[in-house]
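Residue 164 in numbering that gives the first Met the number 0 sits at position 165 of the sequence shown; the count goes up by one each step and never skips. For reference, the structure is listed below as structure tokens.
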Amino acid sequence: MANFAGKNVIVGQSGGPTAVINSSLAGVYQTAKELEAKKVYGMKYGIEGLLNSQVVDLGSVLQSHMDIELLKRTPSSYLGSCRYKLPSMEEKPEVYEKLFAILEKLEIGACFYIGGNDSMDTINKLSAWGAKINSPIRFIGVPKTIDNDLELTDHTPGFGSAAKYIATILKEIIRDSTVYDLRSVTVVEIMGRNAGWLTGAACLAKGDDCDGADMILLPEVALDPEDFLKKVDELQKHKSSVIVAVSEGVKLADGRYVCELVSEAKIDAFGHKAALSGTGRYLADLISSRIGCKARAIEFSTLQRCAAHVASRTDITEAYQAGGAAVKAAFDGQTGKMAAFKRASEIPYQCHVEMVDVCDVANKEKPVPRSWITEDGYNVTDEFRAYVRPLIQAELTPIYIDGTPRHICLK
Ligand code: F6P
């Protein structure tokens, strides 16, 4: 900690937001203050904004205890976000020279980036350049993604709250879908790109007061539309209202996304198909034309990642802890790491934070293990349910002013 005295720190948020990404920001900010960092800067719009020197002194905008409490309860990325891929340092060293010149001008001792697998690519590249030029600046990643697809961590902040939203809203949809005495299918489309963790969380809707989803379709299992229709038909022999939870990233056996049957997907900076929506609509239309019953598509879209009013308190707390642990690690001299969760016990649920090498997380996607998906590929197992259940526990009520939750926003 000795050679850190008098230095500033900087933090950025990147990729798709979550309901608790600001709790990690609060964890970074508070811990850096406690460890006596001189100033805590925020990058506006992530690394892309930093390249244009867009920074904010967080001490000038987060002034009271109430500001921190609001930050923890405010969804989306307070600092703004980006989906910007840093070029390789061989290809464009000038980008790194520019970034490090900005960091040095700001007298930065440690840099934190809150994000998913693409954002860890940024931390990985920055720490590699730092090592190359013998920079004393430390770089640590703080995990975040509703997709829960990061390697080397039990789970990612943001996932638990999105899972809680899905389980809660699905139960409400199921109540609504059973009111008429007629055959119907409701297809609910859930985010998660190429990993089915979040769609799998639909299993949490099931309990002694609710049948839950009848089918859960994950990207890990190729979809055969004919077999799917047969399965829906079979289910309708026993119950009139069938509920299907489907991932936006479900693919056909030939590797094409189902949503590509509807429209061509655009590619983002990291080579991912962006805005994968339309799978639910496609399946509902297929059911309606082939089976002929009422079929409704519901797309949770951004609602599932910004629903802070139903966030998991476990998730909010862990997001904060990950931010705090990242700062402590940097102050202890670590760099090129990501804060990761290690589950020590299932009952009672206990997790602690440890540091892992960010190069082993960057750009990788962790799928749901095949053994956690039922043999027929149409549901998840009890093991999956036991894994996800602790992550949605408890609530942190928003601070309601005049009937709506109060948020804090960067002007
Ligand atoms: O980063 C996670 C995620 O929410 C994915 O689940 C989803 O496919 C993607 O982001 C959507 O990206 P955007 O916010 O850029 O539309």
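The beta-carbon is built from N, C-alpha and C at its ideal position, and this holds for glycine as well.
Is residue i helix, strand or coil when you go by DSSP?
{"i": "Gln-320", "result": "helix"}
{"i": "Pro-92", "result": "helix"}
{"i": "His-271", "result": "coil"}
{"i": "His-64", "result": "helix"}
{"i": "Ala-100", "result": "helix"}
{"i": "Glu-33", "result": "helix"}
{"i": "Ala-1", "result": "Confidence is the limiting factor: at Ala-1 the pLDDT is only 45, short of 50, which leaves the residue's position unreliable, though a coordinate-based value still follows. Helix, per DSSP."}
{"i": "Leu-222", "result": "strand"}
{"i": "Ile-139", "result": "strand"}
{"i": "Gln-303", "result": "helix"}
{"i": "Ile-145", "result": "coil"}
{"i": "Leu-409", "result": "coil"}
{"i": "Thr-152", "result": "coil"}
{"i": "His-308", "result": "helix"}
{"i": "Ala-252", "result": "coil"}
{"i": "Gly-41", "result": "strand"}
{"i": "Ile-400", "result": "strand"}
{"i": "Thr-17", "result": "coil"}
{"i": "Ser-176", "result": "helix"}
{"i": "Ser-262", "result": "coil"}
{"i": "Gly-26", "result": "helix"}
{"i": "Cys-209", "result": "strand"}
For residue i, verify whether its CB is less than 7 Å away from any heavy atom of the ligand F6P.
{"i": "Thr-152", "result": "no"}
{"i": "Leu-217", "result": "no"}
{"i": "Arg-192", "result": "yes"}
{"i": "Leu-275", "result": "yes"}
{"i": "Gly-115", "result": "yes"}
{"i": "Asp-146", "result": "yes"}
{"i": "Arg-342", "result": "no"}
{"i": "Gly-14", "result": "yes"}
{"i": "Glu-247", "result": "yes"}
{"i": "Arg-280", "result": "no"}
{"i": "Arg-304", "result": "yes"}
{"i": "Arg-82", "result": "yes"}
Can you tell me where the beta strand (DSSP E) with residue i in it begins and where it stops?
{"i": "Ser-370", "result": "Per DSSP, Ser-370 belongs to no beta strand (DSSP E) and is neither H nor E."}
{"i": "Lys-341", "result": "336-344"}
{"i": "Ala-216", "result": "Residue identity differs from the one stated: residue 216 is Leu in this sequence, not Ala. First-last of the beta strand (DSSP E) with Leu-216: 214-216."}
{"i": "Ala-361", "result": "No beta strand (DSSP E) contains Ala-361, which DSSP labels as neither H nor E."}
{"i": "Ile-9", "result": "7-12"}
{"i": "Ala-294", "result": "293-298"}
{"i": "Ser-52", "result": "It is not in any beta strand (DSSP E) - Ser-52 carries neither H nor E in the DSSP assignment."}
{"i": "Asp-356", "result": "349-356"}
{"i": "Ser-183", "result": "183-189"}
{"i": "Val-257", "result": "Neither: Val-257 is in no beta strand (DSSP E) and is coded neither H nor E."}
{"i": "Ala-244", "result": "240-246"}
Can you check whether the CB of residue j is closer than 8 Å to the CB of residue i?
{"i": "Val-19", "j": "Gly-41", "result": "no"}
{"i": "Val-243", "j": "Val-184", "result": "yes"}
{"i": "Asn-362", "j": "Asn-116", "result": "yes"}
{"i": "Ile-315", "j": "Lys-71", "result": "yes"}
{"i": "Ile-290", "j": "Val-245", "result": "no"}
{"i": "Ile-398", "j": "Glu-68", "result": "yes"}
{"i": "Glu-219", "j": "Val-309", "result": "no"}
{"i": "Tyr-428", "j": "Ser-22", "result": "Because the chain is modelled from 0 through 410, residue 428 falls outside the range shown and cannot be assessed."}
{"i": "Cys-350", "j": "Asp-153", "result": "yes"}
{"i": "Thr-30", "j": "Thr-144", "result": "no"}
From which residue to which residue does the alpha helix (DSSP H) around residue i run?
{"i": "Arg-280", "result": "278-289"}
{"i": "Asn-123", "result": "116-131"}
{"i": "Glu-382", "result": "381-387"}
{"i": "Thr-198", "result": "196-199"}
TODO: Check whether the stretch 160-169 touches the stretch 122-142, taking contact to mean three or more Cβ pairs, one atom from each stretch, closer than 8 Å.
DONE: no
Open item on the list: Under 8 Å, with one C-beta from each stretch per pair, do the stretch 334-344 and the stretch 141-153 reach the 3-pair mark?
Closed with: yes
Task: At least 3 beta-carbon pairs within less than 8 Å: the stretch 292-308 vs the stretch 107-116 - done: no
Open item on the list: Tell me whether the stretch 116-129 and the stretch 317-333 touch, counting them as touching only if at least three CB pairs, one residue from each stretch, are closer than 8 Å.
Closed with: no
- [ ] Inspect the CB distances between the stretch 52-66 and the stretch 371-388 and report whether three or more fall short of 8 Å.
- [x] no
TODO: Inspect the CB distances between the stretch 74-87 and the stretch 46-54 and report whether three or more fall short of 8 Å.
DONE: yes
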